[in-house]
Amino acid sequence: MDRHRSDIGSVPPIPADLEDQLRGTFVPQRAFHYPAARWSTWLNNLDGIDEALGTLPAALDRSIAAERIDELLEGDKTAAAFVVAMMWGHGSSGYGPFRTARILAGAADPAGEPLSPNALEKLTRSVDIAQNSGAVSGYRYLNNDGRITGLGPAFFTKWLYFVTARGNPTSPHAAPVLDALVIEWLRRHAHVRIRAGRTADYSAYLDHLTAWGTATGHTPVDVEERIFRLIRNDGTPHDSITENDERTPR
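Numbering (this note's numbering), first residue to last: 73 to 322.
This is how it looks when you write it as structure tokens:
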């Protein structure tokens, strides 16, 4: 028997500390300040992005980011929507603007480089797939045919989260974020082994969160947010320090 496949194929009981979070009072993530000047410096030459950044409040949280990203997608401003998702994902870190510029420009040195048509096409396609076929299909696309250099699963699931939330940060259809911090928490607290960069494992992760959410009256992303709250215990956003792109597409 493939023990790993057995592990991810069954849903374990809800870990006690997570169940306490799910059944107790939950205070939403507090808004955080981001390095606006750095984001503008690295991205102001890309069409439409600096204008979009200029309309953002000085602090972001899930709700604010979800609403703004949905507005930008409705206006066909996919690149700007992606930037806001990455701003939320990177939090107050200083390296997010440079990394995001590299992704959008498709260049190791993005200074002064234009928006990559290939990156924009793949991001736009990912919106269509995720919104019409669901979170797992969106994951599969960005992990395989739609793979974008520099954008690994830890951060493309942040993008997919906002794309599928459609302005509602607790939507039952929203794709939960899966990064290294959540993977490690699941291993330690739920004895669940999830591998990064595997579509089947992301599907199993979604199954776990759906089952735990159903048992407690929550959506999968509600469960994900509470897991992250247990990890950080302060309500600040996801900000995986490293992004591993050396993975086998599945």
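Note that CB positions come from ideal geometry on N, CA and C, so glycine has one too.
As the structure is a prediction and not an experimental result, all values here were calculated from the model.
Give me the residue from the options with the minimum Cα distance to residue i.
i: Glu139; options: Ala157, Ala191, Glu123; result: Ala157
i: His105; options: Trp160, Phe228, Val295, Gln93; result: Trp160
i: Pro292; options: Gln203, Tyr233, Ala179; result: Tyr233
i: Ile141; options: Ala131, Ala124, Leu187; result: Ala124
i: Asp89; options: Ala137, Gly126, Pro182, His261; result: His261
i: Pro248; options: Asp148, Ile86, Ile299; result: Ile299
i: Tyr167; options: Thr282, Glu297, Ala177, Pro107; result: Pro107
i: Arg219; options: Asp92, Glu193, Val264; result: Glu193
i: Asp148; options: His290, Val235, Glu185; result: Val235
i: Leu187; options: Ala151, Asn215, Asp133; result: Ala151
i: Ala226; options: Arg267, Asn190, His263, Ala287; result: Arg267
i: Leu132; options: Trp111, Ala109, Gln101; result: Gln101
i: Ser243; options: Thr282, Trp257, Ser275; result: Thr282
i: Tyr211; options: Ala276, Asp217, Thr271; result: Thr271
i: Ser209; options: Asp122, Asp294, Ser275, His290; result: Ser275
i: Ser164; options: Ala103, Asn215, Glu296; result: Ala103
Please classify residue i as buried or exposed, where buried requires at least 16 other C-beta atoms within 10 Å of its C-beta.
i: Asp200; result: exposed
i: Val99; result: exposed
i: His76; result: Low local confidence applies: a pLDDT of 32 at His76 is under 50, so the model's placement there is unreliable, with the coordinate-based value given in what follows. By the neighbour-count rule (16 or more Cβ atoms within 10 Å), His76 is not buried but exposed.
i: Pro87; result: buried
i: Asp92; result: exposed
i: His280; result: buried
i: Gly126; result: exposed
i: His162; result: buried
i: Pro241; result: buried
i: Asp273; result: buried
i: Pro85; result: exposed
i: Thr229; result: buried
i: Arg259; result: exposed
i: Asp217; result: exposed
Using the C-alpha atoms, what's the distance from residue j back to residue i?
i: Leu145; j: Ala153; result: 6 Å
i: Arg197; j: Leu223; result: 15 Å
i: Leu128; j: Tyr213; result: 29 Å
i: Gly120; j: Ala177; result: 14 Å
i: Gly269; j: Ile136; result: 28 Å
i: Ala130; j: Glu143; result: 18 Å
i: Ala180; j: Thr221; result: 10 Å
i: Arg304; j: Thr97; result: 17 Å
i: Arg110; j: Ser82; result: 44 Å
i: Asp79; j: Trp257; result: With a pLDDT of only 44 at Asp79, under the threshold of 50, the placement of this residue in the model should not be trusted; the figure read from the coordinates follows. Rounded to the nearest angstrom, the two C-alpha atoms are 15 Å apart.
i: Val155; j: Ala237; result: 16 Å
i: Leu302; j: Leu94; result: 11 Å
i: Tyr277; j: Asn190; result: 30 Å
i: Gly285; j: His245; result: 13 Å
i: Thr288; j: Ala183; result: 48 Å
i: Gly239; j: Val264; result: 30 Å
i: Glu185; j: Leu195; result: 18 Å
i: His290; j: Asp122; result: 36 Å
i: Glu296; j: Asn215; result: 20 Å
i: Asp294; j: Trp231; result: 17 Å
Item to check | 4 or more residues per run - each alpha helix (DSSP H) lying fully within the region 181-260 | outcome: 189-205, 207-215, 225-237, 252-257
Next on the checklist: Between the region 165-175 and the region 112-128, can you find at least three pairs of beta-carbon atoms closer than 8 Å?
Outcome noted: yes
Item to check | alpha helix (DSSP H) runs contained entirely in the region 252-302, provided each spans 4 or more residues | outcome: 252-257, 271-288
Item to check | the region 249-264 contacting the region 200-210, beta-carbon criterion three pairs below 8 Å | outcome: no
Next on the checklist: Quick check for students: name the residue ranges of the alpha helix (DSSP H) that lie wholly in the region 113-152, counting only runs of 4 or more.
Outcome noted: 121-125, 134-146
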